[in-house]
Every structure is written in C-alpha cells, then in structure tokens.
Amino acid sequence: MGFKQTEVNTLLAVCHRRCCVCHRFCGIKIELHHIRPLEAGGDDSIENAIPLCFECHAEVQLYNDKHPRGRKFRPEELLEHKKQWLKICIESPGALLMPQRPYDVGPVQALIDELVFNNEVAQITDADTIGTLFLVTQFERSISEGLFSLLPDQVRIPISSTYAILMRANMSLNKMALMPWGGSGSAWHHAYMNAKKAIEASQPKIPEALNSLLEHLKHEEADAEQGH
Ligand SMILES: [Zn+2]
240 MGFKQTEVNT LLAVCHRRCC VCHRFCGIKI ELHHIRPLEA GGDDSIENAI PLCFECHAEV
300 QLYNDKHPRG RKFRPEELLE HKKQWLKICI ESPGALLMPQ RPYDVGPVQA LIDELVFNNE
360 VAQITDADTI GTLFLVTQFE RSISEGLFSL LPDQVRIPIS STYAILMRAN MSLNKMALMP
420 WGGSGSAWHH AYMNAKKAIE ASQPKIPEAL NSLLEHLKHE EADAEQGH
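Whatever position you read off the sequence shown (first residue = 1), add 239 for our numbering.
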C-alpha cells in the first residue's frame, strides 16, 4: 500500500523537504519512515510518516537491539521530532531562511593546530635531529569534507602551496628513513639535502598560511556576531 501520494505531497511541502531530525535540506534524498513500523502494528496513515534524510533514516534503521550502541530512536521520539519540526516550519518559517554556517569552527581550528605543529617541525633541519614527518591529515580532511572549497582564495592559496612543500619534504624524509646513513655524495645525503631544502622553503610559508587562516576566522566570527 504505502502512504497516500496526495498526503505525501502535502507533508513534503510542509517540511520543506528538510529532514525532521537533523533539519538539513534533502532535495530528492528524502525518505518517509514509518514511525511505528508496520510489523509493530503501525499503519500507512500520514500521521505515521516522518520525512528523514538518508543518513538519519539509516541511523534509525540500523540500530541493533542485540548489540546496542548509542541510543535508539524510538517511535515516540520520532513523533516528537516531526511535531517540533513541522511546528517550526508552519509557525516560524523565518528559521528556514537563517543562513547556515558553511562549517563550524572544528575543522578550521584543527587545521590551525596542525599548522602550529608543522611550524615546530619546520625548525628541525640538522642532520642529527631531522626526521619528524609533517602532519597533513587535517589538510586532507579539509578537502574531503568540502571545507577547503569554501575558503576564499587569499586563504586557500597560501595553505595549498604550503602543504605542497610539506608533502614534498615528507617524501624526502621517508626516503631518508629507508636508507643507511651516508656522508656527502651518498644517496642518504642527497635525500637529506632535498628534505632540508623543502623544509627551509616551508619556513616562511607556514606562518603565512597560519595568519591567513587566523585572519579568516576573525572575520567569520565578526560576521557571525553581526548576524550576517
Ligand atoms: Zn537527517
């Protein structure tokens, strides 16, 4: 049977195709979940339907009673989510127009912390102490999570050119680690000189990248305070 199409149309329009649990706009990536499952006596009435995004729907479905982790979404709670979200949609539609922050401080702060650490590593160029690899995890995360593409050019360019150098330095550092130590003219020494050169090139670049990011964060916070 399924839910009645005319009622589904109304429900999707009223919720603005936003997930009732996380409130994200879903477009076509929205599904109707039976608040009380059919096998538990639920029915196909529209009162028993809650619009959910794929992620939330998966979480609601995936909970395993035999291996409980986290807290299960119970029908009563889902019903509350639906009621609350529809109330917001109907009574305070202005909430839908509030700008969503493109990202929270989390990944930006993590990138700053990584650059601070990398700045320390960049001070080590002596043959005796060199060898610590630069961290690139947060840089990669900022790309894979879409933060990087949201940054303005004047922030993105210094960061990417800095990390290009750091990754080159890592390559040479890895090479050095695989080779037996050798004096001038040896393969080890060649890798060492390459690593040293890359690290020295990164020394002025890292603070520059760091500053551009800190400046950007300051503006973001100022904008948020002014309610932009
Ligand atoms: Zn959701």
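Built from N, CA and C at the ideal position, the CB exists for glycine as well.
Examine the Cβ distances between the region 247-263 and the region 274-283 and report whether three or more of them are shorter than 8 Å. no
Contact set for C292: own chain, Cβ-Cβ below 7 Å, skip 5 residues either direction: On the sequence shown, position 53 is the one that residue 292 refers to. Same-chain partners within the cutoff: C258, C261, R263, C265, K268 and I269.
Tell me whether E278 is buried or exposed, calling it buried when 16 or more other Cβ atoms sit within 10 Å of its Cβ. By one-based count along the sequence shown, residue 278 stands at place 39. So E278 counts as exposed.
Ordered list of alpha helix (DSSP H) runs contained in the region 327-400, each at least 4 residues: 333-336, 344-360, 376-383 and 386-389
Does the beta carbon of R263 fall short of 7 Å from some heavy atom of ligand 1? Within the sequence shown, numbered from 1, the residue matching residue 263 stands at position 24. Result yes, Cβ under 7 Å from ligand 1.
Beta carbon of V260: closer than 7 Å to some heavy atom of ligand 3? You won't find ligand 3 in this model; what it holds is ligand 1.
Is the region 421-433 in contact with the region 447-459, if contact means three or more CB pairs nearer than 8 Å? no
With respect to 7 Å, is the separation between the Cβ of E316 and the closest non-hydrogen atom of ligand 1 below this value? Along the sequence shown, read from residue 1 onward, the residue named residue 316 stands at position 77. The answer is no for E316.
Span of the alpha helix (DSSP H) around L271: Your numbering for residue 271 matches position 32 in the sequence shown. Premise fails: L271 lies in the beta strand (DSSP E), I269 to H273, not in any alpha helix (DSSP H).
Is any non-hydrogen atom of ligand 1 found closer than 7 Å to the C-beta of C292, if you look at the structure I gave you? As a position in the sequence shown, residue 292 is number 53, starting the count at 1. C292: yes, Cβ under 7 Å from ligand 1.
Secondary structure of K311, DSSP reduced to three states: Locating residue 311 in the sequence shown gives position 72, counting from the first residue. It is coil, neither helix nor strand.
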